[in-house]
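S.K.: First to last, the protein sequences are chains G and D. Numbering of the first sequence is given in the numbering used here, commencing with residue 1 and proceeding in unit increments. Numbering of the second sequence is given in the numbering used here, commencing with residue 1 and proceeding in unit increments. Can you read through this structure? Questions will come right after.
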Amino acid sequence: NAGVTQTPKFQVLKTGQSMTLQCAQDMNHEYMSWYRQDPGMGLRLIHYSVGAGITDQGEVPNGYNVSRSTTEDFPLRLLSAAPSQTSVYFCASSVGLAVSGETQYFGPGTRLLVL
Amino acid sequence: GESVGLHLPTLSVQEGDNSIINCAYSNSASDYFIWYKQESGKGPQFIIDIRSNMDKRQGQRVTVLLNKTVKHLSLQIAATQPGDSAVYFCAETAGSYQLTFGKGTKLSVIP
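And the structure:
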């Protein structure tokens, strides 16, 4: 199993540009989520999905869109990038909810710089 | 909103010594806690978890202690090795899917 994969590893955008961060998992996990990690702060949940066709907002959803058309893929879209979105983005997947004791498996991250 | 925080941002220990990483939380409704390890350039990796109905849980070389009275969580690493050098995060949840992460403690192991 490849686990959770993310592409690209690094991206530079200009303010106002759009892009999609890709996330895929091959563990047949129902639950997937996107986090951002900023210096001096813990990971913060952006959006999550409890299954194909179902998504919901996390703590910091503004400026981001997601969709879940398949169990394997959970792309994160930035419609109009802003410097405040400069961060490291992590995708995670799990069999069940964190409250069920299921561990989340994290991808290697995408480092995004918005100029 | 309520948040999870860490007492020390950095910790240096000699190889072979025990390490203790602390975490304070403020949400009294939190009922599930997780410790993650994050190596440079990688995503967080699950280490150990504990539920609020327990005060101690042991894994391989790691022990998590939970003190609900003072809302304090700690991670103990026995016989710390160079491979333990990383940033350690605690996270908590109060019954929802959303985890609240602490800011992280950087552990450096001195050979």
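Yeah, the Cβ is synthetic: ideal placement off N, Cα and C, and Gly gets one too. Computed from a predicted structure; not experimentally measured.
Compute the distance between the beta-carbons of residue 12 of chain G and residue 78 of chain G, then report whether it is under 8 Å.
M.R.: No.
S.K.: How do the stretch 89 to 107 of chain D and the stretch 25 to 34 of chain D stand: do at least 3 beta-carbon pairs fall below 8 Å, yes or no?
M.R.: The answer is yes - the stretch 25 to 34 of chain D touches the stretch 89 to 107 of chain D, with three or more Cβ pairs under 8 Å.
S.K.: Taking 7 Å as the cut-off, is the beta-carbon of residue 66 of chain G closer than that to any non-hydrogen atom of the ligand ZN?
M.R.: As presented, the structure is devoid of all ligands, the ligand ZN included, so that no description of it is given.
S.K.: Less than 8 Å between the beta carbons of residue 68 of chain G and residue 53 of chain G, yes or no?
M.R.: Yes, the Cβ-Cβ distance between residue 68 of chain G and residue 53 of chain G is below 8 Å.
S.K.: So, for residue 44 of chain D: in the same chain, excluding its five sequence neighbours on each side, which residues have a beta-carbon less than 8 Å away from its beta-carbon?
M.R.: Excluding positions up to five away in sequence, the list reads 36, 37, 38 and 89.
S.K.: Can you list, in chain order, the stretches of the beta strand (DSSP E) that have 3 or more residues and sit fully within the stretch 52 to 85 of chain G?
M.R.: Runs of the beta strand (DSSP E) inside the stretch 52 to 85 of chain G: 54 to 57, 64 to 66 and 76 to 78.
S.K.: Assign residue 26 of chain G to one of three DSSP states: helix, strand, or coil.
M.R.: Three-state DSSP puts residue 26 of chain G in coil, outside helix and strand.
S.K.: Buried or exposed: where does residue 14 of chain G fall if 16 or more other Cβ atoms within 10 Å of its Cβ makes it buried?
M.R.: Answer is exposed; the Cβ neighbour count stays below 16.
S.K.: What residue range is occupied by the uninterrupted beta strand (DSSP E) comprising residue 22 of chain D?
M.R.: First-last of the beta strand (DSSP E) with residue 22 of chain D: 19 to 25.
S.K.: Work out the CA separation of residue 58 of chain D and residue 86 of chain G for me, nearest whole Å.
M.R.: Answer to the nearest angstrom: the Cα atoms are 38 Å apart.
S.K.: Quick check on residue 32 of chain G - is its C-beta less than 8 Å from some C-beta in chain D?
M.R.: Judged by the 8 Å Cβ criterion, residue 32 of chain G is not in contact with chain D.
S.K.: To the nearest angstrom, how far is the alpha carbon of residue 46 of chain G from that of residue 55 of chain G?
M.R.: Approximately 11 Å between the Cα atoms of the pair.
S.K.: State the Cα-Cα distance for the pair residue 6 of chain D and residue 24 of chain D, rounded to the nearest angstrom.
M.R.: The pLDDT assigned to residue 6 of chain D is 42, lower than 50, so where the model puts this residue is not dependable; a value taken from the coordinates is nonetheless given after this. The straight-line gap from Cα to Cα measures roughly 6 Å.
S.K.: In the DSSP output, what is residue 5 of chain G paired with across the bridge?
M.R.: DSSP output for residue 5 of chain G lists G:24 as bridge partner(s).
S.K.: Note down the Cα distance separating residue 20 of chain D from residue 80 of chain G, rounded to an integer number of angstroms.
M.R.: Cα to Cα, residue 20 of chain D sits roughly 43 Å from residue 80 of chain G.
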